[in-house]
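S.K.:
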Amino acid sequence: NLPSYNVHTLFRTTTGSSGTNSRPSSTGDEVHIFCTHERTDYRVILWYQQSPGDTAMKLIGYLYFKDPTIEDGYKKDFGISGDLGGDTAKNGSLTIQTVKQDHSAVYYFLCSDSYPAYFGEGTKLTVLDGVDVTAPTVKILRPSPLECRDQKKKEGKRRKTLVCVASGFYPDHVTVFWQLNGQNITDGVATDAAAKRNEITGLYSITSRLRLQAKTWFNPDNEFSCYVTFFNGTYTNYSTSIYSWWMGSGTLFKYSLTSIYIGETFF
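The sequence shown lines up with residues 1 to 267 when you count with full-length UniProt numbering.
Laid out in structure tokens, this is it:
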């Protein structure tokens, strides 16, 4: 059986306060990323960094039983600790002692004995760079007029495309999902791999497309909803909905979600 993992982030200020922050408020904070796994016979945890726009994962260092080894280039700012001995669940932590802008990245851990090795799902760290934390605005664009006029295809093959646009948010800790009549849907959904940043405003935008059969779109009872989950210390959903017969742009609303994580974890 595959082991189960729990990866979460905890931010602690360098002032020694016992309180926790959901994100570093500025450079210079101390960051802790923790991991646990249940393979009691695995005595090695390796930590990797994947910087924005980089497909490569760079090895930060590893922990063997209680002994850490950190790669050159990471020794100044990073620390690794934990205890992989005994016959209980294993715990390890990665510490960034003085966080900087170039520490913004996704951090992965890998637990290993010999073979196989298992990666955690990754924890995204964003170091704020002076832009105010801003929630997204969400809207759904209806199928284009040209697509709606496509009468050449047979009825069963005609398709319509809805586009969800989330814009004006910072940082880029978002996920997007669609619902049809209150039920999550994944068929026909394509979402941008990463949010795009406006170089002038510093804010982000992301789009997601839902391609469906024309008859599904034209069913007057169907409600199409796009949800954008935004993380700013807590997880909050922002959404909008449309019907094929409704020519409005949707109403923006939000509600908070309870989460046991402090930080951003990717699933």
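Glycine is no exception: its CB is placed at the ideal position from the N, C-alpha and C atoms.
Taking the alpha-carbon positions, what's the TYR108 to ASP87 distance?
M.R.: Cα-Cα distance, rounded: 24 Å.
S.K.: Suppose the cutoff is 8 Å on Cβ atoms and the five residues either side in sequence are ignored; what does the same chain contact list for PRO143 look like?
M.R.: Excluding positions up to five away in sequence, the list reads LYS160, THR161, LEU162, TRP217.
S.K.: Start and end of the beta strand (DSSP E) containing PHE78?
M.R.: Its beta strand (DSSP E) spans residues 78-83.
S.K.: Closest to PRO220 by CA distance: which of SER244, ALA193, TYR227 is it?
M.R.: Ranking SER244, ALA193, TYR227 by Cα distance to PRO220 puts SER244 first.
S.K.: Return the chain-ordered list of same chain residues with a C-beta closer than 6 Å to the C-beta of VAL106, the five sequence neighbours on each side being excluded.
M.R.: Closer than 6 Å at Cβ, skipping near neighbours: GLN50, GLY122, LYS124.
S.K.: Among GLY92, VAL44, TYR227, which residue has its Cα nearest to the Cα of ILE33?
M.R.: The candidate whose alpha carbon is nearest that of ILE33 is GLY92.
S.K.: Please tell me whether LEU210 and GLY188 are closer than 8 Å, where the distance is taken between their beta carbons.
M.R.: In this structure, GLY188 lies closer than 8 Å to LEU210 by Cβ.
S.K.: Please find out if some non-hydrogen atom of the ligand ATP comes closer than 7 Å to the beta-carbon of LEU128.
M.R.: Questions concerning the ligand ATP fall outside what the structure shown contains, since it holds no ligand whatsoever.
S.K.: Over what stretch of residues does the beta strand (DSSP E) that includes PHE109 continue unbroken?
M.R.: 105-112 is the extent of the beta strand (DSSP E) around PHE109.
S.K.: Would you mind giving the Cβ-Cβ distance between THR240 and VAL138, rounded to the nearest angstrom? I have them listed as a contact below 8 Å.
M.R.: Rounded, the Cβ-Cβ distance is 5 Å, consistent with contact.
S.K.: For the alpha helix (DSSP H) that contains TRP217, what are its first and last residues?
M.R.: Taken as a continuous stretch (DSSP letters only), the alpha helix (DSSP H) holding TRP217 covers 214-218.
S.K.: Residues bridged to ALA166 by DSSP?
M.R.: Bridge partners of ALA166: VAL138, ILE206.
S.K.: Could you tell me the alpha carbon to alpha carbon distance between PHE231 and PRO145, rounded to whole angstroms?
M.R.: If I take the Cα positions, the gap works out to 35 Å.
S.K.: Rounded C-beta distance between LYS90 and HIS37? I'm assuming under 8 Å.
M.R.: Confirmed, about 5 Å.
S.K.: Got a sec? Which residues, its chain only, sit under 8 Å from TYR48 by beta carbon, not counting five neighbours each side?
M.R.: Contacts found: MET57, LYS58, LEU59, ILE60, TYR107, TYR108, PHE109, LEU110.
S.K.: Where ASP192 and THR229 are concerned, what is the direct C-alpha to C-alpha distance, given to the nearest angstrom?
M.R.: Cα to Cα, the separation comes out at about 15 Å.
S.K.: Spell out the partners DSSP gives ASP67 in its beta bridges.
M.R.: TYR64, per the DSSP bridge assignment.
S.K.: Please classify LYS157: does DSSP put it in a helix, a strand, or coil?
M.R.: Residue state, collapsed to three classes: helix.
S.K.: Judging by CA-CA distance, which residue of GLN179, THR55, PRO68, TYR64 is the nearest neighbour of LEU212?
M.R.: Answer by Cα proximity: GLN179.
S.K.: Opposite SER241 in the DSSP bridges: which residues?
M.R.: Looking at the DSSP assignment, SER241 forms a beta bridge with SER225.
S.K.: Would you kindly report the start and end of the unbroken beta strand (DSSP E) that includes THR55?
M.R.: Premise fails: THR55 is in no beta strand (DSSP E) and is neither H nor E.
S.K.: Rounded to the nearest angstrom, what separates residue 283 and GLY120 at their Cα positions?
M.R.: Nothing about residue 283 can be read from this structure; the chain reaches only from 1 to 267.
S.K.: Report yes if the CB atom of residue 336 is closer than 8 Å to the CB atom of PHE224, and no otherwise.
M.R.: The question about residue 336 has no answer, for the chain in this structure spans 1 to 267.
S.K.: Figure out for me which residue from ILE185, ALA195, LEU203 has the closest Cα to the Cα of PHE169.
M.R.: Ranking ILE185, ALA195, LEU203 by Cα distance to PHE169 puts LEU203 first.
S.K.: Within the continuous beta strand (DSSP E) that includes LEU180, where are the two ends?
M.R.: Segment 174-180, the beta strand (DSSP E) holding LEU180.
S.K.: Give the straight-line distance between the Cα atoms of THR98 and SER208, rounded to the nearest whole angstrom.
M.R.: Computed Cα separation, rounded: 36 Å.
S.K.: If you compare alpha carbons, which of GLU30, VAL127, PRO171 is closest to ALA194?
M.R.: Of the candidates GLU30, VAL127, PRO171, the one whose C-alpha sits nearest the C-alpha of ALA194 is PRO171.
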